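I have placed the structure first, in the form of C-alpha coordinates, so that the comments after it can refer back to it.
In this note's numbering, the protein residues as written are 3 to 140.
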(Lines of atoms letter the chains of each structure in order from A and count residues from 1; the text may use other names and numbers.)
(Lines give C-alpha, C1' and ligand atoms only; values in the text may rest on other atoms or scores of the structure.)
Protein backbone atom coordinates (compact mmCIF):
# COMPACT_ATOMS: atom_id res chain seq x y z
CA UNK A 1 0.00 0.00 0.00
CA UNK A 2 1.51 3.34 -1.02
CA UNK A 3 1.17 6.65 0.83
CA UNK A 4 -1.64 7.92 -1.41
CA UNK A 5 -3.67 4.76 -0.81
CA UNK A 6 -3.12 5.04 2.95
CA UNK A 7 -4.12 8.72 3.01
CA UNK A 8 -7.29 7.95 1.07
CA UNK A 9 -8.18 5.14 3.46
CA UNK A 10 -7.42 7.25 6.53
CA UNK A 11 -9.98 9.77 5.29
CA UNK A 12 -12.62 7.02 5.57
CA UNK A 13 -11.75 5.46 8.93
CA UNK A 14 -10.27 6.47 12.23
CA UNK A 15 -7.01 4.63 12.98
CA UNK A 16 -7.79 3.75 16.61
CA UNK A 17 -11.40 2.85 16.12
CA UNK A 18 -14.17 2.44 13.67
CA UNK A 19 -17.89 2.99 13.35
CA UNK A 20 -19.70 0.04 11.82
CA UNK A 21 -22.57 1.42 9.81
CA UNK A 22 -20.71 4.52 8.62
CA UNK A 23 -20.76 3.26 5.03
CA UNK A 24 -24.52 2.73 5.15
CA UNK A 25 -26.28 -0.03 3.25
CA UNK A 26 -24.56 0.88 -0.02
CA UNK A 27 -20.94 0.92 1.15
CA UNK A 28 -20.73 -1.33 4.23
CA UNK A 29 -18.53 -3.91 2.49
CA UNK A 30 -16.14 -1.27 1.18
CA UNK A 31 -16.04 0.36 4.62
CA UNK A 32 -15.27 -2.95 6.39
CA UNK A 33 -12.52 -3.92 3.93
CA UNK A 34 -10.90 -0.47 3.90
CA UNK A 35 -11.01 -0.36 7.70
CA UNK A 36 -9.32 -3.77 7.80
CA UNK A 37 -6.61 -2.51 5.40
CA UNK A 38 -5.87 0.54 7.54
CA UNK A 39 -5.77 -1.37 10.83
CA UNK A 40 -3.63 -4.08 9.20
CA UNK A 41 -1.19 -1.45 7.93
CA UNK A 42 -0.77 0.46 11.19
CA UNK A 43 -1.26 -2.42 13.66
CA UNK A 44 -2.33 -0.31 16.65
CA UNK A 45 -2.21 -1.63 20.20
CA UNK A 46 -5.98 -1.20 20.49
CA UNK A 47 -8.95 -0.82 18.17
CA UNK A 48 -12.46 -0.17 19.39
CA UNK A 49 -15.72 -0.36 17.46
CA UNK A 50 -18.64 1.91 18.26
CA UNK A 51 -21.82 1.41 16.24
CA UNK A 52 -23.05 4.45 14.36
CA UNK A 53 -25.89 6.26 16.10
CA UNK A 54 -27.69 9.20 14.54
CA UNK A 55 -28.24 12.10 16.94
CA UNK A 56 -30.87 14.83 16.51
CA UNK A 57 -29.46 18.19 15.50
CA UNK A 58 -26.77 16.76 13.24
CA UNK A 59 -26.49 16.84 9.45
CA UNK A 60 -26.49 13.03 9.42
CA UNK A 61 -29.79 13.06 11.32
CA UNK A 62 -31.29 15.39 8.73
CA UNK A 63 -29.98 13.21 5.89
CA UNK A 64 -31.46 10.14 7.57
CA UNK A 65 -34.87 11.81 7.92
CA UNK A 66 -34.78 12.85 4.24
CA UNK A 67 -34.09 9.21 3.28
CA UNK A 68 -30.60 10.01 1.97
CA UNK A 69 -28.89 7.69 4.47
CA UNK A 70 -29.93 4.13 5.27
CA UNK A 71 -28.75 2.78 8.61
CA UNK A 72 -27.72 -0.83 9.06
CA UNK A 73 -29.90 -3.11 11.14
CA UNK A 74 -28.26 -5.25 13.87
CA UNK A 75 -27.69 -8.25 11.56
CA UNK A 76 -26.07 -6.00 8.95
CA UNK A 77 -23.79 -4.48 11.60
CA UNK A 78 -22.74 -8.04 12.46
CA UNK A 79 -22.08 -8.70 8.75
CA UNK A 80 -19.83 -5.65 8.54
CA UNK A 81 -18.00 -6.49 11.76
CA UNK A 82 -17.49 -10.09 10.67
CA UNK A 83 -16.08 -9.00 7.30
CA UNK A 84 -13.65 -6.71 9.10
CA UNK A 85 -12.53 -9.44 11.52
CA UNK A 86 -12.03 -11.96 8.70
CA UNK A 87 -9.85 -9.52 6.75
CA UNK A 88 -7.82 -7.66 9.36
CA UNK A 89 -4.23 -8.72 10.03
CA UNK A 90 -3.05 -6.98 13.19
CA UNK A 91 -1.34 -9.55 15.41
CA UNK A 92 -1.53 -8.53 19.06
CA UNK A 93 -4.03 -5.68 18.62
CA UNK A 94 -6.65 -5.65 21.35
CA UNK A 95 -10.10 -5.53 19.74
CA UNK A 96 -13.15 -4.32 21.62
CA UNK A 97 -16.73 -3.64 20.56
CA UNK A 98 -18.20 -3.26 24.02
CA UNK A 99 -19.36 0.35 23.94
CA UNK A 100 -22.95 1.18 24.86
CA UNK A 101 -23.64 1.98 21.19
CA UNK A 102 -23.00 -1.60 20.10
CA UNK A 103 -25.78 -4.14 19.65
CA UNK A 104 -23.56 -6.86 21.18
CA UNK A 105 -20.34 -6.87 23.18
CA UNK A 106 -17.30 -8.38 21.47
CA UNK A 107 -13.69 -8.66 22.52
CA UNK A 108 -10.45 -10.46 21.89
CA UNK A 109 -6.90 -10.10 20.69
CA UNK A 110 -6.16 -10.09 16.98
CA UNK A 111 -5.17 -12.39 15.30
CA UNK A 112 -4.86 -15.04 18.00
CA UNK A 113 -8.51 -14.87 19.05
CA UNK A 114 -10.07 -14.31 15.62
CA UNK A 115 -12.01 -17.59 15.88
CA UNK A 116 -13.31 -16.64 19.34
CA UNK A 117 -14.55 -13.27 18.06
CA UNK A 118 -16.15 -14.90 15.02
CA UNK A 119 -17.87 -17.42 17.30
CA UNK A 120 -19.22 -14.55 19.43
CA UNK A 121 -20.66 -13.03 16.26
CA UNK A 122 -22.11 -16.37 15.10
CA UNK A 123 -23.71 -16.99 18.50
CA UNK A 124 -25.31 -13.55 18.51
CA UNK A 125 -26.55 -14.12 14.97
CA UNK A 126 -28.10 -17.49 15.99
CA UNK A 127 -29.80 -16.01 19.03
CA UNK A 128 -30.81 -12.75 17.31
CA UNK A 129 -30.56 -11.15 20.71
CA UNK A 130 -29.32 -7.57 20.54
CA UNK A 131 -29.09 -4.67 22.95
CA UNK A 132 -32.35 -2.70 22.53
CA UNK A 133 -31.98 0.77 21.04
CA UNK A 134 -33.25 2.35 24.26
CA UNK A 135 -30.17 0.95 26.04
CA UNK A 136 -27.71 1.87 23.27
CA UNK A 137 -27.49 5.55 24.19
CA UNK A 138 -24.70 7.09 26.19
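Think of the CB as a built atom: it goes at the ideal place given N, C-alpha and C, for glycine as much as any other residue. Predicted, not measured: the structure shown is a model, and the values here were computed from it.
Distance, residue j Cα to residue i Cα
i	j	result
residue 50	residue 138	16 Å
residue 97	residue 65	31 Å
residue 41	residue 93	10 Å
residue 112	residue 29	24 Å
residue 121	residue 104	17 Å
residue 102	residue 75	16 Å
residue 108	residue 119	7 Å
residue 52	residue 128	22 Å
residue 125	residue 68	35 Å
Nonlocal neighbours in the same chain, by C-beta distance under 8 Å from residue i, ignoring five residues either side
i	result
residue 18	Confidence at residue 18 is low in this model, with a pLDDT of 43, below 50, so the placement of that residue is unreliable and no value is reported for it.
Neighbourhood of residue i by C-beta, 7 Å cutoff - its chain only, sequence neighbours within 5 removed
i	result
residue 56	62, 63, 66, 73
residue 116	87
Residues near residue i in its chain [Cβ-Cβ closer than 6 Å; skip 5 each side]
i	result
residue 123	80, 84
residue 26	71, 72
8 Å Cβ cutoff met for residue i and residue j
i	j	result
residue 35	residue 89	yes
task: Evaluate contact between the segment 117–137 and the segment 69–81, counting only Cβ atoms and requiring at least three cross-stretch pairs below 8 Å.
output: In this structure the segment 117–137 lies against the segment 69–81, because at least three pairs of beta carbons, one per stretch, are closer than 8 Å.
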